[in-house]
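Residue numbers (the numbering used here): 1402 to 1681. Think of the CB as a built atom: it goes at the ideal place given N, C-alpha and C, for glycine as much as any other residue. Just so you know, these numbers come straight off a predicted model, no measurement behind them. So the structure is just underneath, and the comments pick up after that.
So, in structure tokens, the structure goes:
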């Protein structure tokens, strides 16, 4: 997230002069700019997403009206889904629709570009007021998270066999679950009366698991880097891996096997190498 000791910022702006102003402004503030290798301004969704494949910004400053088919709010949604960055949206138009869309992607700030020249100090004040949100998100990510869950018992001989079948809504207890107690998380849809869009969080406690609303894609954003998506159904905590099979695609937590699917293999092996050492 940081380049050395510097904070990083992604600027996406289709007005070249303003992009250069913001680039200079954040450089003077001590930030490292995540930008195109050729030095050109980042002015569209596709270029921004490509840069995000290699580095997570501490701050993303996004103009709403950028070039291309997707706008800055859609880019903000992508960043919020995949990262814990502070997101500030810029716009020349103060309208209700954009404000509601910005709220919908949980943007941290909304700055108007009505003044000429652009009021960069107002932007900085918005960032300064919002930074504690990022610190809190990062702190939670390092320790654990609160989940609204229903605690259930599981049959250890079958990951899909639920001992206590309760059709009630699982969102009735908010429990803090430390990351190091989670062994793996599985998609848990249309099973035992719980309905769709649920996950099952397995823990180190024998026969104990938690049902929570959400998808694997949604929870993956909250998880530390040592949680790895193996396939469509499972995210595995690498710290609990006890053995592996040949080919570096089969891993075990105790007697429970997990196989890395072809779709997730490149990213999964990259994360496994970073956490557990080179396994190639």
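Ignore the nearest five residues each way along the sequence and tell me which others in residue i's own chain have a CB closer than 8 angstroms to its CB.
i            : result
residue 1666 : 1650
residue 1642 : 1652, 1653, 1654, 1677
residue 1622 : 1481, 1482, 1483, 1484, 1485
residue 1437 : 1443, 1448, 1452
residue 1500 : 1511
residue 1467 : 1413, 1414, 1415, 1444, 1445, 1446, 1473, 1476
Measuring only the C-alpha atoms, how far is residue i from residue j?
i            : j            : result
residue 1628 : residue 1515 : 43 angstroms
residue 1464 : residue 1545 : 33 angstroms
residue 1414 : residue 1611 : 43 angstroms
residue 1577 : residue 1548 : 6 angstroms
residue 1653 : residue 1507 : 37 angstroms
residue 1661 : residue 1498 : 42 angstroms
residue 1637 : residue 1517 : 51 angstroms
residue 1504 : residue 1663 : 36 angstroms
residue 1646 : residue 1585 : 18 angstroms
residue 1410 : residue 1427 : 8 angstroms
residue 1444 : residue 1632 : 34 angstroms
residue 1440 : residue 1474 : 24 angstroms
residue 1451 : residue 1583 : 31 angstroms
residue 1581 : residue 1419 : 45 angstroms
residue 1472 : residue 1423 : 19 angstroms
residue 1669 : residue 1430 : 36 angstroms
residue 1551 : residue 1589 : 13 angstroms
residue 1619 : residue 1659 : 21 angstroms
residue 1675 : residue 1644 : 17 angstroms
residue 1639 : residue 1613 : 21 angstroms
residue 1491 : residue 1461 : 11 angstroms
Who are the near neighbours of residue i in its chain, counting only those whose CB is closer than 6 angstroms to its CB and skipping five residues on each side?
i            : result
residue 1587 : 1601, 1634, 1635
residue 1417 : 1442
residue 1531 : 1487, 1509, 1510
residue 1615 : 1600
residue 1421 : none
residue 1408 : 1432, 1459
residue 1535 : 1487
residue 1493 : 1514
residue 1435 : 1409, 1411, 1452, 1456, 1458
residue 1671 : none
With residue i as the anchor, note down where its alpha helix (DSSP H) starts and where it stops.
i            : result
residue 1600 : Residue 1600 -> not in any alpha helix (DSSP H); beta strand (DSSP E) instead, spanning 1599-1604.
residue 1422 : 1417-1429
residue 1461 : Premise fails: residue 1461 lies in the beta strand (DSSP E), 1460-1464, not in any alpha helix (DSSP H).
residue 1555 : Premise fails: residue 1555 is in no alpha helix (DSSP H) and is neither H nor E.
residue 1411 : No alpha helix (DSSP H) holds residue 1411; the beta strand (DSSP E) holding it covers 1409-1413.
residue 1622 : Counting along the chain, residue 1622 falls outside any alpha helix (DSSP H), and DSSP gives it neither H nor E.
residue 1480 : 1473-1483
residue 1505 : 1497-1505
With DSSP as the reference, please indicate the residues paired to residue i in a beta bridge.
i            : result
residue 1614 : 1599
residue 1519 : BP columns for residue 1519 are empty, so no partner.
residue 1645 : 1652
residue 1578 : 1546
residue 1524 : Answer is none; residue 1524 lacks a bridge partner.
residue 1670 : Note: residue 1670 sits in no beta bridge, so no partner.
residue 1510 : 1489
residue 1433 : 1409
residue 1629 : 1637
Terminal residues of the continuous beta strand (DSSP E) containing residue i?
i            : result
residue 1450 : Careful: residue 1450 lies outside any beta strand (DSSP E), inside the alpha helix (DSSP H) at 1446-1453.
residue 1467 : Counting along the chain, residue 1467 falls outside any beta strand (DSSP E), and DSSP gives it neither H nor E.
residue 1638 : 1635-1638
residue 1587 : 1583-1588
residue 1652 : 1651-1654
residue 1489 : 1487-1492
residue 1724 : Past the edges of the chain, shown from 1402 to 1681, lies residue 1724, and the structure says nothing about it.
residue 1442 : Run containing residue 1442: none; DSSP gives neither H nor E here.
CB-CB under 7 angstroms to residue i, same chain, minus the five flanking residues each way: which ones, in chain order?
i            : result
residue 1476 : 1413, 1446, 1449, 1463
residue 1527 : 1489, 1510, 1512
residue 1598 : 1590, 1614, 1615, 1616
Would you check whether the ligand HEM has a heavy atom nearer than 7 angstroms to the C-beta of residue i?
i            : result
residue 1633 : With respect to the ligand HEM, the structure shown offers nothing to examine, as it has no ligands at all.
The region 1595-1612 / the region 1515-1531 touching (three or more Cβ pairs under 8 angstroms): no
Any 3 or more C-beta pairs closer than 8 angstroms across the region 1477-1484 and the region 1446-1463: yes
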